[in-house]
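Q: This is the structure, below, for whatever I ask next.
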Amino acid sequence: MRIFSPELYGEGASNTNIHYALRKIVQAKPVKQLIDPSVRRDYLYVDDATRYVLELVSMGTAFRSDWRLRGSGLISLAELLDLAGSVVQAAPRFEPIGGWQQRLLQWYEPTAKNMLDRYEWLGEDIGTYGTEYSGVSPTSYKEGIASTIKSLMAKHNSGY
Numbered sequence: 001m002r003i004f005s006p007e008l009y010g011e012g013a014s015n016t017n018i019h020y021a022l023r024k025i026v027q028a029k030p031v032k033q034l035i036d037p038s039v040r041r042d043y044l045y046v047d048d049a050t051r052y053v054l055e056l057v058s059m060g061t062a063f064r065s066d067w068r069l070r071g072s073g074l075i076s077l078a079e080l081l082d083l084a085g086s087v088v089q090a091a092p093r094f095e096p097i098g099g100w101q102q103r104l105l106q107w108y109e110p111t112a113k114n115m116l117d118r119y120e121w122l123g124e125d126i127g128t129y130g131t132e133y134s135g136v137s138p139t140s141y142k143e144g145i146a147s148t149i150k151s152l153m154a155k156h157n158s159g160y
């Protein structure tokens, strides 16, 4: 069984672009943007992803298939970060990365351009892989972001 997932967020998903942005909001720092924050994509709360995988594993017919997990629908990074800002009661500040910083990133990591291009169109084209599985009652973005921010704030206040 192969599982394809949109970008995960939540307390247990610490190595993602959204986690980086949420951490910056908790630290009251500007969020550096590598991609257009208005691109609408699907994000999946890590607790929902875990539950969906367990549901799939419990179905005998799920094996030898490709599955594409779904979140709560398409949302832009700007909208997600606005939800996070409402939890910390501060508007997120965006700082685009451009010019020499992107060239430096591409020099240091030659595959960065391809990764960033793929990241921008992934929200629209993920439908080409596997059978869609969204499970029952995914966590709303508002609930998931609020829970994640509260967890990050607790870590940040304890010396994270």
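Each residue of the sequence shown is one higher than the last, beginning at 1 in UniProt numbering.
Beta carbons are placed, not taken as given, at the ideal position from N, Cα and C, and that holds for glycine.
Fair warning: this is a prediction, and the values are worked out from it, not measured in the lab.
(1) Is the stretch 64 to 74 close to the stretch 32 to 43, with three or more CB pairs under 8 Å?
(2) Taking only three categories from DSSP, how would you classify VAL136?
(3) Between LEU56, GLU95, GLY60 and ASP82, which lies nearest to TYR141 when the distance is taken from Cα to Cα?
(4) Report the residue from GLY60, SER5, ARG2 and GLY12 whose alpha carbon sits nearest the alpha carbon of THR148.
(5) Which residue spans inside the stretch 45 to 80 form an unbroken beta strand (DSSP E) run of at least 3?
(6) Are GLU95 and PRO30 close, meaning C-beta to C-beta below 8 Å?
(7) First and last residue of the alpha helix (DSSP H) that includes ILE149?
(8) Do the stretch 130 to 140 and the stretch 53 to 70 make contact, defined as three or more Cβ pairs closer than 8 Å?
(9) Report all residues from its chain with a CB closer than 7 Å to the CB of ALA28; omit the five preceding and five following residues, and keep chain order.
(10) In whole angstroms, what is the alpha-carbon distance linking GLY144 and ASP48?
(11) Could you spell out the range, first to last residue, of the beta strand (DSSP E) harbouring ARG2?
(12) Decide if MET1 is buried, meaning its Cβ has at least 16 other Cβ atoms within 10 Å, or exposed.
A: Answer, in terms of the structure:
(1) Judged by pairs of C-beta atoms under 8 Å, the stretch 64 to 74 touches the stretch 32 to 43, as three or more such pairs exist.
(2) coil
(3) Nearest in C-alpha terms to TYR141, of all of LEU56, GLU95, GLY60 and ASP82, is ASP82.
(4) Per the Cα distances, GLY12.
(5) Annotation note: the stretch 45 to 80 contains the following uninterrupted beta strand (DSSP E) runs of length 3 or greater, listed N- to C-terminal: 66 to 69 and 74 to 76.
(6) yes
(7) 141 to 157
(8) yes
(9) ALA90
(10) 10 Å
(11) 2 to 4
(12) exposed
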